[in-house]
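For reference, the structure discussed in these notes is given below.
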């Protein structure tokens, strides 16, 4: 007890002696410099959870700055979750998001202690001063928001019809509108084969739960969306990865897996693949379908953002190429296009698999929120979103061009940069000899974030990959963010031990 | 082909010859009599899916009634899903809800072809003319609806903050309000241990998925809520049932299971248990907790409607009796009390199990709709619901008394009727020698529905049990519904083959 007290005091003393070096006139406000350097010390481990920061007044005196400046920095740090105030006074370094000080002991080994990516991304993209290239979903157009509000208000006039329990399949009006929307996009389905889900993630999870018993092999692309990798791990599937080529899966490798392992399911994201941006050719889609038929395996087609095409000609979805009886589950959502966060997705099911899927939907969460379904049905029906959506698509197209140009100019020689025809992400491969993990931590300290490629691999991570997403960007932030990223990357290219231009 | 055509014609002819007998002046409108008799024929199999009903004009002429009357009956039948109009004209008997004519072949045997209870209940409770004792959730008070609308509108003023992706844990404001609400109800928890879910069903499913690997034993009460039985079956758990006594689980039987099978989890619904209405005594709750500690097993406490107490003194929840470190998962929702259908529930997790649960939440549906969370947080914070809720509780308390009295008077001698201190359901046991399955079909034909007890048993169904819920009742419907139910039950008591008073 006495020993623990001593240790606590030593820590506090160390924190009290926190040295911060401010540079005036370098374009960074002083509060931001204080903020960044505290984050820097936390990242480096100099400040560990539970340590107390110097009192506002003391630090202000030491640095010769206004107390308001220090207070602002502390407030931002607290808002971003790095520090917290405590009853009785004092500002302390927080235990990282969600990790409690009590010992974590979880029933499933594979999820134990792993930080949740969604929490990390949320924290990063909300940390003040950090320019986050993490959002693979758009900033919704003001006109779209207003229109959705109008739809909600219209629906709320008869809100009592939403206050009971629904069948799991989804509201008839919404399924009708989805079927009409899909018909415009080349997919013909009766509304009864549309199952409304709580976002595309649930659609993916339901299909996996309905098809994949524990230990069963499932094929995914390599790399692939981390959400499907996580859902497959939770289902205890055996994950088989098929390399992606510039025009889609390596078909020979796919057939080898199919013939050897007899998997239950092939997960594919053929258009503007997450994370690589790759679009599979119509030929490869047909080949995939032919192989699925030959080996009697189901296809889970994730078509999350084919709406966001900036160039080139649309390629028909696998569902559109298939016969109604083919076992293709076609997943789409509203979140990646015009209603992020609304948690409404859907899956077009082969008729014979519909009831099994609905049973699992019912056992998972009974049904999806009715009010949101009705509002979205009206939103689709009125179609007023179409013009603002076109505006949005154009501006993101221009932004993508700009981002590619700036990264091409500024990233170290040998960096490979994807050039997808749509979507809100770019996939980068750093030159040999570099590690993204190192880049990542330096970048966050320098106020720029991206997604390290490791989360997109189920095995044998390629440590030189990263995803740069521009969904939440403005032109101004983009220029500054790329400049930060490029300078950190340039620094990383230097031989180890050489002096760094950034950390002097 | 010719043969098939002939068969189709024969069917059509049979349907054309549909005989309907109307009684004027018996209090039932003519359109309702037409409706009921068609439903009757469908239930009896005289009218099978695909058969055509007589044209409106023809039937009206035959019966000597107005065409509008027949048209109204057909429309109601179509709305209820019994029949459908077809392109080219004609009204046809529908394939039952969701079952397509294509052969159903599903990957998991245990869900194959089983009709979804939620769909059946929805169809029943929306079938015109049917008085459905199926709703275990209340009709929301008009003042509550208006207040929730006001909260939604307030939140929509800053709706753009809801259009992005959230961490899986739920909105901070809502977790704060839930913690405050629980504190008022004797459960003390830090808001960070509250995980917001898409309804209580998802909370149950997530706890099961995080704790129960396939094949692992899990203990439930006998009988138990079908939602937990279904979620356990989907997880491929081995279900062990412990008989319920009037004051809670049979503790000796529980310990036998615990010592023999070393289960992972005990699911219990200690207050106004669904379906029996039983409330476990504080002693039994303590005994359960002590056994859980002794055998190192987690408790999933489903506290779905302890708010709806009409008599007696509240008993502390197991979570309230436990230490913070005890592995008690405490599940509750808004749907069973004042916001049915809103699909918002929550689970208070033991701190050390929180991350595993959040990971599965993230892999299931990322997070729950943000707008609904914010509106509900405001709804709780303002607390305006409290007065209408009290009103509602009182009126349901009176209704429960009335229902018990009427059933006691009207049901056949030997029927056991539960007398719970709260909740919106009564549990009935019919006398020896009767079968609820028979009662069920006759009752539906007579325009009254309930839930057959079989869905609440994981094995060895007690075929004489039924749940009568009055969540969607009015006083008027209740009297008529009980009278129909009692007369059908009386009929069932007669020796087989004896003439029936109802079907003459």
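Chains as they are written, first to last, in the working numbering: chain A, 10 to 513; chain B, 10 to 513.
A virtual CB, placed ideally from N, CA and C, is assigned to each residue, including glycine.
Quick caveat: nothing in here was measured; it's all calculated off a predicted structure.
The beta strand (DSSP E) that contains residue 338 (chain A), what's its start and end?
Here residue 338 (chain A) refers to the residue found at position 329 of the first chain. Counting along the chain, the beta strand (DSSP E) containing residue 338 (chain A) begins and ends at 337 to 342.
Residues that residue 515 (chain A) bridges to, as DSSP identifies them:
Outside the shown range of chain A (10 to 513) lies residue 515 (chain A), about which nothing can therefore be said.
Counting only the same chain and skipping the five closest in sequence on each side, list residues whose C-beta sits under 7 Å from that of residue 482 (chain A).
Counting from 1 along the first chain, the entry for residue 482 (chain A) is found at position 473. Closer than 7 Å at Cβ, skipping near neighbours: 408.
Distance cutoff 9 Å, beta carbons only. Does residue 84 (chain A) sit that close to anything in chain B?
As a first step, residue 84 (chain A) must be located in the first chain, where it is residue number 75. So no, residue 84 (chain A) is outside the interface.
Measuring CB to CB, does residue 194 (chain B) end up less than 9 Å from residue 315 (chain B)?
Within the second chain, numbered from 1, the residue matching residue 194 (chain B) stands at position 185. Within the second chain, numbered from 1, the residue matching residue 315 (chain B) stands at position 306. Yes.
Residues of the region 171 to 194 of chain B in Cβ contact with chain A at a cutoff of 8 Å, in chain order, please.
171, 172, 173, 174, 175, 176, 177, 178
Grouping DSSP H, G and I as helix and E and B as strand, with all else coil, what is residue 82 (chain A)?
Walking along the first chain from the start, residue 82 (chain A) turns up at place 73. The answer is helix: DSSP assigns residue 82 (chain A) an H, G or I state.
Chain A within 9 Å of residue 487 (chain B), Cβ atoms only
The residue you call residue 487 (chain B) lines up with position 478 of the second chain. Not an interface residue.
Supposed close pair residue 339 (chain B), residue 324 (chain B) - CB separation, criterion 8 Å
The residue given as residue 339 (chain B) occupies position 330 in the second chain. The residue given as residue 324 (chain B) occupies position 315 in the second chain. Residue 339 (chain B) to residue 324 (chain B), Cβ: 14 Å. No contact.
Helix, strand or coil: which one does DSSP assign to residue 285 (chain B)?
Here the question's residue 285 (chain B) lines up with position 276 in the second chain. Reduced to three states, the DSSP call for residue 285 (chain B) is coil.
So for residue 502 (chain B), helix, strand or coil by DSSP?
For the purposes of this step, residue 502 (chain B) is taken as the residue at position 493 of the second chain. Helix at residue 502 (chain B).
What is the residue span of the alpha helix (DSSP H) that residue 397 (chain A) lies within?
Here residue 397 (chain A) refers to the residue found at position 388 when the first chain is read from its first residue. 395 to 419 is the span of the alpha helix (DSSP H), which, as asked, contains residue 397 (chain A).
Neighbour list for residue 402 (chain B) in chain A, Cβ cutoff strictly below 7 Å
Along the second chain, one-based indexing puts residue 402 (chain B) at 393. The contacting residues do not exist; residue 402 (chain B) stays about 17 Å from chain A at best.
Counting only C-beta atoms, is residue 496 (chain B) closer than 9 Å to chain A at any point?
Residue mapping note: residue 496 (chain B) aligns to position 487 of the second chain, counting from 1. For residue 496 (chain B), the answer is no, since every Cβ of chain A falls outside 9 Å of its Cβ.
Residue 448 (chain A) versus residue 334 (chain A) - alpha carbon distance
Stepping through the first chain from its first residue, residue 448 (chain A) is reached at position 439. Stepping through the first chain from its first residue, residue 334 (chain A) is reached at position 325. Rounded to the nearest angstrom, the two C-alpha atoms are 48 Å apart.
On the criterion of 16 or more Cβ atoms from any shown chain inside 10 Å, does residue 9 (chain A) qualify as buried, or is it exposed?
No answer is possible for residue 9 (chain A): the residues shown for chain A start at 10 and end at 513.
Between the alpha carbons of residue 205 (chain A) and residue 355 (chain A), how many angstroms are there, rounded?
Here residue 205 (chain A) refers to the residue found at position 196 of the first chain. Here residue 355 (chain A) refers to the residue found at position 346 of the first chain. Approximately 4 Å between the Cα atoms of the pair.
State the CB to CB distance for the pair residue 473 (chain A) and residue 501 (chain A), rounded to an integer number of angstroms; the pair is presumed to be in contact (CB under 8 Å).
Translated into the one-based positions of the first chain, residue 473 (chain A) becomes position 464. Translated into the one-based positions of the first chain, residue 501 (chain A) becomes position 492. Their Cβ separation, rounded to whole angstroms, is 11 Å, which puts residue 473 (chain A) and residue 501 (chain A) out of contact at 8 Å.
Candidates B:380, B:436, B:406, B:221: which alpha carbon is nearest residue 416 (chain B)'s?
As a position in the second chain, residue 416 (chain B) is number 407, starting the count at 1. Measuring from the Cα of residue 416 (chain B), the nearest candidate turns out to be B:436.
Would residue 317 (chain B) pass as a contact of residue 263 (chain B) if the rule is Cβ separation under 9 Å?
Sequence index remark: in the second chain, residue 317 (chain B) carries index 308 (1-based). Sequence index remark: in the second chain, residue 263 (chain B) carries index 254 (1-based). Against a cut-off of 9 Å, the Cβ pair of residue 263 (chain B) and residue 317 (chain B) comes out as no contact.
Below 7 Å between beta carbons is the criterion; list the residues of the region 349 to 361 of chain A that meet it against any residue of chain B, in chain order.
349, 350, 351, 352, 360, 361
Closest Cβ-Cβ distance between residue 434 (chain A) and chain C: below 9 Å?
The structure shown contains no chain C; its protein chains are A and B.
Report the rounded CA-to-CA distance for residue 344 (chain B) versus residue 174 (chain B), giving the unit in angstroms.
Translated into the one-based positions of the second chain, residue 344 (chain B) becomes position 335. Translated into the one-based positions of the second chain, residue 174 (chain B) becomes position 165. If you take the alpha carbons of residue 344 (chain B) and residue 174 (chain B), they lie about 24 Å apart.
What's the C-alpha gap between residue 445 (chain B) and residue 176 (chain A)?
Translated into positions along the second chain, residue 445 (chain B) becomes position 436. Translated into positions along the first chain, residue 176 (chain A) becomes position 167. Each residue's alpha carbon lies about 24 Å from the other.
Using a Cβ-Cβ distance cut-off of 9 Å, determine whether residue 367 (chain B) contacts chain A.
For the purposes of this step, residue 367 (chain B) is identified with residue 358 of the second chain, where counting begins at 1. Yes, its Cβ sits closer than 9 Å to a Cβ of chain A.
Between the region 199 to 214 of chain A and the region 259 to 274 of chain A, can you find at least three pairs of beta-carbon atoms closer than 8 Å?
no
Starting from the beta carbon of residue 256 (chain B), find every residue of chain A whose beta carbon is closer than 8 Å, and list them in chain order.
On the second chain, position 247 is the one that residue 256 (chain B) refers to. The premise fails here: residue 256 (chain B) is roughly 30 Å from chain A at the closest Cβ pair, so nothing lies under 8 Å.
Listing by chain order, which chain B residues have their CB less than 9 Å from the CB of residue 211 (chain A)?
Locating residue 211 (chain A) in the first chain gives position 202, where the first residue counts as 1. Result: 207, 373, 374, 375.
Of the choices A:414, A:125, A:453, whose alpha-carbon is the least far from that of residue 425 (chain A)?
What you label residue 425 (chain A) is simply residue 416 of the first chain in a count that begins at 1. Of the candidates A:414, A:125, A:453, the one whose C-alpha sits nearest the C-alpha of residue 425 (chain A) is A:414.
Any C-beta of chain A sitting closer than 9 Å to the C-beta of residue 524 (chain B)?
Only positions 10 to 513 of chain B appear in this structure, which leaves residue 524 (chain B) out of reach.
Quick one: any contact between the region 185 to 204 of chain B and the region 140 to 153 of chain A, if contact means 3 or more CB pairs under 8 Å?
no
Taking only runs that begin and end inside the region 191 to 244 of chain A, name each unbroken beta strand (DSSP E) of 3 or more residues, in chain order.
203 to 206, 226 to 231
The region 137 to 160 of chain B: positions lying closer than 7 Å to chain A by Cβ:
146, 149, 154, 158
Roughly how many whole angstroms lie between the Cα atoms of residue 99 (chain B) and residue 63 (chain B)?
In the second chain, residue 99 (chain B) corresponds to position 90, counting from 1. In the second chain, residue 63 (chain B) corresponds to position 54, counting from 1. If I take the Cα positions, the gap works out to 8 Å.
Can you tell me whether residue 468 (chain A) is helix, strand or coil according to DSSP?
Within the first chain, numbered from 1, the residue matching residue 468 (chain A) stands at position 459. DSSP places residue 468 (chain A) in coil when its eight states are reduced to three.
Would you mind stating whether residue 210 (chain A) and residue 240 (chain A) have Cβ atoms separated by less than 9 Å?
Indexing the first chain from 1 puts residue 210 (chain A) at position 201. Indexing the first chain from 1 puts residue 240 (chain A) at position 231. Closer than 9 Å, so yes.
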